[in-house]
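What follows is a set of notes on a single structure, which appears directly below.
There are 2 protein chains.
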Amino acid sequence: MSKLVIVGTVAFDAIETPFGKTDKVLGGAATYIALAASQFNVDGAIVSTVGGDFPLEYIDLLEKRGIDVSGIEIVENGKTFFWSGKYHNDMNTRDTLVTELNVLADFKPVVPESYRDSQVVMLGNLHPSVQMSVIEQIPNKPKISILDTMNYWMEHTLDELMEVISKVNVITINDAEARQLTNEYSLVVAAKKIMKMGPDFVVIKKGEHGALLFYDDEVFYAPALPLEEVFDPTGAGDTFAGGFSGYLANTEDYSYENMKNAVIYGASLASFCVERFGTERMLELNTKDVNKRLQQFKNLTQFDIQLT
Amino acid sequence: MSKLVIVGTVAFDAIETPFGKTDKVLGGAATYIALAASQFNVDGAIVSTVGGDFPLEYIDLLEKRGIDVSGIEIVENGKTFFWSGKYHNDMNTRDTLVTELNVLADFKPVVPESYRDSQVVMLGNLHPSVQMSVIEQIPNKPKISILDTMNYWMEHTLDELMEVISKVNVITINDAEARQLTNEYSLVVAAKKIMKMGPDFVVIKKGEHGALLFYDDEVFYAPALPLEEVFDPTGAGDTFAGGFSGYLANTEDYSYENMKNAVIYGASLASFCVERFGTERMLELNTKDVNKRLQQFKNLTQFDIQLT
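If you read the protein sequences in the order shown, they are chains A and B. According to my numbering, the first sequence is numbered sequentially starting from -1. According to my numbering, the second sequence is numbered sequentially starting from -1.
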């Protein structure tokens, strides 16, 4: 089993969807990534920061799932990162209502000593300089490093983002962001351009339309499970990244063939995440649920045409 | 091998895309359906009408592919149906510039005597009363009847459309139309509502995002092949329907399991259609091309997760 280090936000979210709204609840990219990765019993650690207002029970909840939390710095006189958003009726678009950086503004990530030999590095969506600092703290090149990012960093810190992109093996990015980063409409052409920036593997997330994994001239498609109801999309992309990185850390096989399985696991876990508000569904997930869902993904995609 | 009867337009199209524009070229739903179905060497016939202005070489071209054209009525003093459209830069939306019904306005379909025992009936997009007339001319219930339609008929002839929907086994419809017909956003819920209207199988086409096949509580997903360039989407939906119906007629197996293969064939053939203007690519397609493309679909979708 490989060690997995995860950097990203541990945060408060307040979410409004057509189905209802929440108060401040547990959220953040690293939280969703770690909850998904913990399905694979990986030896994983979160590197993040929270304020003195962050309930210790949330940290306990992560620790109970076998996640090392010693890299979560608690700034006693600071406030936890807070995001609030409201989804539109189609659930594909949202407005950000509030973003309070708080303790994140001065965040200097410190990878715990015992995770500086991690084989898998998962860089959740954060300022690229923070992501770069984590890369620099892993002196032996990890087997695989995975970068998640978003349009905000393309618009505000493009040079630093490009530097991080040049250092990683895998990037996960959504379709609109892939187009923005490359100025190409075709996702096939966009993926090829992004590979030239550094990564060997490009995962393009298309929300309710699934995700594409590109490698060299190959492409693999993980659909999203068609659902009767999407309750809250918050964290779906991070859950995908957590399933993806957790599966790779668990299997220690970083080949393209095994990465296909990893994106299917990512899509499966993401399909649970959206069934309830915030982290609710992920917190009560068990192996039986996951295996049943994977069988649904097989039924959804596997066919039997014999070619001569 | 089952007999296949196809009703739909045989037409002139003039197409404009960001890549260029055509004069009046061969088009029409029945044309695309028949060209795709002819890949399976089915015993198929077109029921349609054209004017005296329609080049006989176009009819020859269909006949040379083994398609019975005796059901194409030529109205010597009439003009052929003409459609002209312009695609926007994203290729997912288009404006209709011209629609001239011409000989279609008074079209009374006549199914050739030798195809009144067809086992497979493919009702291409046309006025629902024309589609119903074809159903009524097949006295023995066919093994399978497939309906394609569009939003125009929902808006102008809903009662007649609902009558046809109640008579068929399979409906193919795009995502926006499925939502419009049912007033449901979730495609899973929409498909279930449509099944209650009559069809056992519902195929929802999502353009560049592939197609979903629903049956009972089951769902199967045929992705669209990610392409570097979509040259002209005209006829892709009809080509999908032609591949689907042609494969079913060829295999004579109308089970859900085999229908999964049929939607993969449909998606494969549609992926060729969009590579050139109009019918160009379909006219030069060979079995080797198709098998190579099917292998790409396998590579795109097949994975190897063993569940315990």
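For glycine and all other residues, C-beta sits at the position ideal for the given N, C-alpha and C. Here the structure is a predicted model, which is why all the values come from computation and not from measurement.
Which residues DSSP lists as bridging residue i, in chain order
| i | result |
| --- | --- |
| arginine 274 of chain A | Paired residues: none, contrary to the question. |
| asparagine 172 of chain B | B/Lys203 |
| arginine 92 of chain B | B/Tyr85 |
| phenylalanine 212 of chain A | A/Val200 and A/Val217 |
| glutamate 55 of chain A | Answer is none; glutamate 55 of chain A lacks a bridge partner. |
| valine 73 of chain A | A/Gly49 |
| leucine 145 of chain A | A/Leu121 and A/Ile169 |
| aspartate 66 of chain A | A/Ala43 |
Proximity test, Cβ basis, 9 Å: residue i and chain A
| i | result |
| --- | --- |
| proline 221 of chain B | yes |
| lysine 312 of chain B | Residue 312 of chain B is absent from the structure shown; chain B starts at -1 and stops at 306. |
| threonine 299 of chain B | yes |
| aspartate 302 of chain B | yes |
| leucine 54 of chain B | no |
| valine 272 of chain B | no |
| proline 22 of chain B | Looking at the sequence shown, residue 22 of chain B is not proline but lysine. No, its Cβ sits nowhere closer than 9 Å to a Cβ of chain A. |
| leucine 353 of chain B | There is simply no residue 353 of chain B to check, as chain B begins at -1 and stops at 306 in what is shown. |
| lysine 62 of chain B | no |
| lysine 1 of chain B | no |
| lysine 141 of chain B | no |
Under the three-state DSSP convention, the category residue i falls into
| i | result |
| --- | --- |
| lysine 139 of chain A | coil |
| alanine 12 of chain B | strand |
| valine 108 of chain B | coil |
| serine 131 of chain B | helix |
| glycine 307 of chain A | Any question about residue 307 of chain A goes unanswered here, given that chain A covers just -1 to 306. |
| phenylalanine 80 of chain A | strand |
| glycine 317 of chain B | Any question about residue 317 of chain B goes unanswered here, given that chain B covers just -1 to 306. |
| leucine 283 of chain A | coil |
| serine 36 of chain B | helix |
| lysine 1 of chain B | strand |
| isoleucine 44 of chain A | strand |
| threonine 97 of chain B | strand |
| methionine 120 of chain A | strand |
| aspartate 115 of chain B | coil |
| isoleucine 192 of chain B | helix |
| aspartate 251 of chain A | coil |
| isoleucine 31 of chain B | helix |
| aspartate 157 of chain B | helix |
| isoleucine 303 of chain A | coil |
| tyrosine 182 of chain A | Residue identity differs from the one stated: residue 182 of chain A is glutamate in this sequence, not tyrosine. Coil at glutamate 182 of chain A, not helix or strand. |
| proline 126 of chain A | helix |
| valine 228 of chain B | coil |
Beta carbon proximity, residue i to chain B, threshold 9 Å
| i | result |
| --- | --- |
| histidine 207 of chain A | yes |
| tyrosine 183 of chain A | yes |
| isoleucine 262 of chain A | yes |
| leucine 292 of chain A | yes |
| proline 231 of chain A | no |
| valine 228 of chain A | yes |
| leucine 267 of chain A | no |
| proline 224 of chain A | yes |
| lysine 165 of chain A | no |
Exercise. When you check each C-beta in the region 243 to 259 of chain B against every C-beta of chain A, which residues fall closer than 8 Å?
Worked result: So the list reads Glu255, Lys258 and Asn259, given in the order they occur along the chain.
Exercise. Three or more beta-carbon pairs under 8 Å between the region 13 to 31 of chain A and the region 237 to 247 of chain A, yes or no?
Worked result: The region 13 to 31 of chain A, when compared against the region 237 to 247 of chain A, does touch it at the 8 Å Cβ threshold.
Exercise. Taking any Cβ of chain A, which residues in the region 68 to 94 of chain B have a Cβ under 9 Å from it, in chain order?
Worked result: Listed by position along the chain: Asn87, Asp88 and Met89.
Exercise. Using 8 Å as the Cβ pair cut-off and three pairs as the minimum, do the region 281 to 300 of chain A and the region 114 to 127 of chain B touch?
Worked result: no
Problem set entry | Residues, ordered as in the chain, of the region 185 to 218 of chain A that lie near chain B by beta-carbon distance below 8 Å | Leu185, Val186, Val187, Lys204, His207, Gly208, Leu210, Glu216, Val217 and Phe218: these are the residues of the region 185 to 218 of chain A whose beta carbon lies less than 8 Å from some beta carbon of chain B, given in chain order.
For this session: Inspect the CB distances between the region 8 to 23 of chain A and the region 215 to 224 of chain A and report whether three or more fall short of 8 Å.
Result: At 8 Å Cβ cutoff, the stretches do not touch.
Problem set entry | Inter-stretch contact (C-beta, 8 Å, three-pair minimum) for the region 192 to 206 of chain A and the region 44 to 53 of chain A | The region 192 to 206 of chain A is not in contact with the region 44 to 53 of chain A.
Exercise. If we count Cβ pairs, one from each stretch, closer than 8 Å, do we get three or more for the region 127 to 143 of chain B versus the region 20 to 29 of chain B?
Worked result: At 8 Å Cβ cutoff, the stretches do not touch.
Exercise. If contact means a Cβ-Cβ distance below 8 Å, which residues of the region 275 to 290 of chain B contact chain A?
Worked result: Asn289
Exercise. Three or more C-beta pairs closer than 8 Å, one from the region 116 to 130 of chain A and one from the region 57 to 66 of chain A: is that the case here?
Worked result: Because the criterion of three Cβ pairs below 8 Å is not met, the region 116 to 130 of chain A and the region 57 to 66 of chain A do not touch.
Exercise. Does the pairing of the region 205 to 218 of chain B with the region 174 to 189 of chain B give three or more beta-carbon distances under 8 Å?
Worked result: yes
For this session: Scan the region 93 to 116 of chain A for residues whose Cβ lies nearer than 7 Å to a Cβ of chain B and list them as they occur along the chain.
Result: none
Exercise. Is it a yes or a no for the region 78 to 93 of chain B touching the region 225 to 234 of chain B, going by three-plus beta-carbon pairs under 8 Å?
Worked result: yes
Exercise. Does the region 256 to 265 of chain A come close enough to the region 246 to 263 of chain B to have 3 or more Cβ pairs within less than 8 Å?
Worked result: no
Problem set entry | Contact the region 63 to 80 of chain A vs the region 263 to 280 of chain A: 3+ CB pairs below 8 Å | Touching, no, given that fewer than three Cβ pairs across the two stretches are closer than 8 Å.
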